[in-house]
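J.: Mind looking over this structure? Questions follow.
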Amino acid sequence: MARITIPSQIFPGFKTLSELNEGQLESLTKYISILPLDIEYAEVANRINEILQITTGKQILQTFLSFRNLSEENDLKNEKLATNLTDSYLELSSDQMSPKKKLLLKTNLQSILNNYSGIKAIISAREVLSANGNNIEEFSLNSDIRLIFNEADDNKKRSAIIFHRMQIEYSKNDSLKDICFSLDIDDLKKIKIEIEKAIKNDRIIRDDYKDILEFIF
């Protein structure tokens, strides 16, 4: 029976980790061990893509995030924890790995855990930031126009609406999620007013406490 529950959505991250060579692993562990506290998850995922020359950086990051409480909850050394993770992954995913590849996955996982302090630090910083809600990772706002067709008005000027699609990628419980909204111009104006208020408050707070506090975000 698997000692650790591993969600199926992070199976791809384990598979990628089992395929990393020594050079890739060294570059990856060096990067995650010295992450700045104010870095965004999306930036970490993109940088992992660059370092490893892959497109699954987000999945690897999700895998790393899932390790957040393992060492604390299980009170195990990283070598044993890496063994349990490997065995649990193979059992739950039914991935038929050769003994050599299984050993490589265990070794790579242990190296990740040995250099996990950077990941753990940014998670802790994010937990403080999002203690009462969700944390935005990526944001986009795209505008579009749609014509309204009415067969009875063929000879008249067409009717149309403009709408704006706001897409937000956010982190919740150490996982990344997406949500989309359709907005009109009145919605945008309301959002703008609230954002301008928040920016003003941020500036005031920073100015008032700049001599005694070093702000991470």
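For the sequence shown, the working numbering begins at 5 and goes up steadily by one.
We put the beta carbon where it would ideally sit given N, CA and C, even for glycine.
Predicted model, so just to flag it, every value in this text is computed and none were measured.
Please name the residue in SER163, LYS34, PHE143 whose C-alpha comes closest to that of ILE152.
T.: Out of SER163, LYS34, PHE143, SER163 has the C-alpha closest to the C-alpha of ILE152.
J.: Relative to the alpha-carbon of LEU187, which residue among ILE195, THR9, LEU56 has its alpha-carbon at the smallest distance?
T.: Among ILE195, THR9, LEU56, the Cα nearest to that of LEU187 is on ILE195.
J.: How about the region 37-56 and the region 116-124: do they share at least three Cβ pairs that are nearer than 8 Å?
T.: Flag = yes, the region 37-56 and the region 116-124 touch.
J.: Does the Cβ of GLN114 have 16 or more other Cβ atoms within 10 Å, making it buried, or fewer, making it exposed?
T.: GLN114 should be labelled buried.
J.: Does the beta-carbon of ASN146 have 16 or more other beta-carbons within 10 angstroms, so that it is buried, or is it exposed?
T.: Classification of ASN146: exposed, given that the 10 Å Cβ count is below 16.
J.: Return the first residue and the last residue of the beta strand (DSSP E) that SER98 is part of.
T.: Unbroken run through SER98: none, as it is neither H nor E.
J.: Assign LEU41 to one of three DSSP states: helix, strand, or coil.
T.: It is coil, neither helix nor strand.
J.: Taking 7 Å as the threshold (C-beta atoms), are GLY61 and ALA49 in contact?
T.: Against a cut-off of 7 Å, the Cβ pair of GLY61 and ALA49 comes out as a contact.
J.: Is it the case that the Cβ atoms of GLU200 and GLU173 are separated by a distance below 7 Å?
T.: No, these two residues do not count as a Cβ contact at 7 Å.
J.: For the beta strand (DSSP E) that contains ASN139, what are its first and last residues?
T.: Segment 139-152, the beta strand (DSSP E) holding ASN139.
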